[in-house]
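The structure appears right after this line, and notes come after that.
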RNA sequence: GUGCCUAUAGUUUAGUGGUAAAACUCCUCUCUGUGGCAGAGGUGUCACGGGUUCGAUCCCCGUUAGGCACCCCA
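Shown next as structure tokens:
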């Protein structure tokens, strides 16, 4: 029985990465790997499925991710598993589980893989999406790591040739100063006009009012107290150093005291990187000194970033600099007749072993058809091997541009082909 | 989860209340000894389900998917 239409379609918000998209993804993988190696990070791959509790605790019960975006799986044992909605918690889990606190600190790890969130798809937002991320776990809560992480995220986008980047950065303080700020903000909002959503937000997750884009909130938001003025001495000093290190690295940034981020585990530094003209963050990250503690492990400072890979692709397309396919094969092997076809296999094999990128059309038998295929593939040379050549132990090399052709002996034809490329 | 818009061939699109068309692509043939050309043919349950109608690809409703925005986030 034929499958239904729906069964023949990828599920909503999850897409095939087709051959034509592969050059982009190959480059993304390459940049991830190279950057990881350059900065002395080690690769880690964690399972796509994790216990649900891992994210409930760490990302935040009130966050959208946990409230409504997780793909939850019930197992036969009645465990609740989820398709991971983000990777930082998984990496931190691995750090704890494998006792990485007992190797030289900090531990630097990078990953590349898919994440799952049940959201409404739109530009730059799909349900299965990919991130490359870099995490520094352990050691001190040293601002130099924050700066390095920002630099890496920036470098990543630079290496991918995304133009006109803008770093927005903020500090959201620590356990000591954030509650004080939160109270200030709540008090401030109580007596002022704001939109419906913000009236709710101010009760549930006050910091989020700073993200609001409603007209009603504009004036109130503009006059709202800034976190940066409420930072405690330690956090202020920390943030100041982060900025100084960024200056030292020659990275320009924009202070954005409305930048808060949605996940509970962030503390102090938070940042996002945008490409001009598109209001979607291409990369983001920050410090998460409380994450391991939230997991019930020993409090351990950490900082990290993630790059939204689909978004990098969208940004490149918008900027007209999409990554394009590699050049096509340049040599096309053509056979004529059954005897030649049989012998062709080992000749093609010899070319491949010799490092020549050769394409064939062994499935076609007509000479014209094969030449047409060679032409279509943009080959520069055609190698023509027929009955006569098989007897003479030779092969014809035809230049497809000029039409010039010449017969060479098989004993040295691989070299002859190479010479002409 | 909400709102608006959209759905015709592999792709980009036209079109009509009387069951479809163009361009490009792909496949086959003309064509087992020389390509780009040409000619001929082929590739569609007009997204799915229901309703109105003598008749629906077209009008109406629902579903699904896609796009955009909200929300949120990478």
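Residue numbers (the working numbering): 316 to 736. Every residue, glycine too, gets a C-beta built ideally from N, C-alpha and C. Nothing here was measured: the structure is a model prediction, and the numbers come from that model.
Start and end of the beta strand (DSSP E) containing residue 620? Translated into the one-based positions of the first chain, residue 620 becomes position 305. Residue 620 -> beta strand (DSSP E) spans 617-623.
Rounded C-alpha distance that separates residue 316 from residue 733: Within the first chain, numbered from 1, the residue matching residue 316 stands at position 1. Within the first chain, numbered from 1, the residue matching residue 733 stands at position 418. Here the model assigns residue 316 a pLDDT of 44, short of 50, so the residue's position is not dependable, and the following value carries that caveat. Taking the straight line from one Cα to the other gives about 51 Å.
With residue 292 and residue 481 assumed to form a contact (beta carbons below 8 Å), what rounded beta-carbon distance in angstroms separates them? Because the chain is modelled from 316 through 736, residue 292 falls outside the range shown and cannot be assessed.
Going by the CB atoms, is the gap between residue 468 and residue 351 shorter than 9 Å? To locate residue 351, count along the first chain from 1; it is residue 36. To locate residue 468, count along the first chain from 1; it is residue 153. Not in contact: residue 351 and residue 468 (Cβ atoms no closer than 9 Å).
Output the distance between the C-alpha atoms of residue 323 and residue 331, rounded to the nearest integer angstrom. Stepping through the first chain from its first residue, residue 323 is reached at position 8. Stepping through the first chain from its first residue, residue 331 is reached at position 16. Within the model, the alpha-carbon separation for residue 323 versus residue 331 is close to 12 Å.
Cβ neighbours of residue 560 in the same chain (closer than 7 Å, five flanking residues each side left out): Translated into the one-based positions of the first chain, residue 560 becomes position 245. Correct list, in chain order: 458, 459 and 462.
If we call anything under 9 Å between Cβ atoms a contact, is residue 617 one with residue 400? The residue you call residue 617 lines up with position 302 of the first chain. The residue you call residue 400 lines up with position 85 of the first chain. No.
Please name the residue or residues paired with residue 423 in a DSSP beta bridge. Translated into the one-based positions of the first chain, residue 423 becomes position 108. According to DSSP, which records beta bridges pairwise, residue 423 is partnered with 451.
Between the C-alpha atoms of residue 738 and residue 568, what's the straight-line distance to the nearest angstrom? Nothing in the structure corresponds to residue 738, since the chain is present only between 316 and 736.
From this set, 601, 700 and 451, which residue's C-alpha is nearest residue 583's C-alpha? What you label residue 583 is simply residue 268 of the first chain in a count that begins at 1. Residue 601 is the option with its Cα nearest to residue 583.
Name the DSSP bridge partner or partners of residue 602? Position 287 of the first chain, counted from the first residue, corresponds to residue 602. Residue pairing from DSSP places residue 602 in a beta bridge opposite 582 and 618.
Write down every uninterrupted run of the beta strand (DSSP E) in the stretch 363-414 whose length is 3 residues or greater and which is fully enclosed by it, in chain order. 364-366, 386-389 and 395-398
With DSSP collapsed to three states, give me the class of residue 335. As a position in the first chain, residue 335 is number 20, starting the count at 1. In the structure shown, residue 335 sits in a helix (DSSP, three-state: H, G or I).
Report the residue from 701, 671 and 709 whose alpha carbon sits nearest the alpha carbon of residue 695. Indexing the first chain from 1 puts residue 695 at position 380. Comparing Cα-Cα distances from residue 695 to each of 701, 671 and 709, the minimum goes to 671.
Pull up the distance between the alpha-carbon of residue 454 and that of residue 615, whole angstroms please. The residue labelled residue 454 in the question sits at position 139 within the first chain. The residue labelled residue 615 in the question sits at position 300 within the first chain. Using only the alpha carbons, I get a separation of about 8 Å.
Host beta strand (DSSP E) of residue 649 (start-end): Here the question's residue 649 lines up with position 334 in the first chain. Taken as a continuous stretch (DSSP letters only), the beta strand (DSSP E) holding residue 649 covers 646-650.
If I measure Cβ to Cβ from residue 346 and keep anything under 7 Å in the same chain, skipping five residues before and after, which residues do I get? Working through the first chain from its first residue, we reach residue 346 at position 31. Within the same chain, 471, 474 and 475 come within 7 Å of residue 346 by CB-CB distance, once the 5 residues on both sides are set aside.
Helix, strand or coil: how does DSSP classify residue 444 here? Within the first chain, residue 444 is the residue found at index 129, counting from 1. Here residue 444 carries a strand assignment [DSSP, helix/strand/coil].
Just to confirm, are residue 625 and residue 445 a CB contact at a threshold of 9 Å? Counting from 1 along the first chain, the entry for residue 625 is found at position 310. Counting from 1 along the first chain, the entry for residue 445 is found at position 130. Yes, the Cβ-Cβ distance between residue 625 and residue 445 is below 9 Å.
Taking 8 Å as the cut-off, is the CB of residue 431 close to at least one heavy atom of the ligand MN? The model depicted lacks the ligand MN and carries no ligand whatsoever.
Kindly give me the distance between the Cβ atoms of residue 579 and residue 374, rounded to whole angstroms, as I take these residues to be in contact under 8 Å. Position 264 of the first chain holds residue 579. Position 59 of the first chain holds residue 374. About 6 Å separates the two Cβ atoms, so the contact holds.
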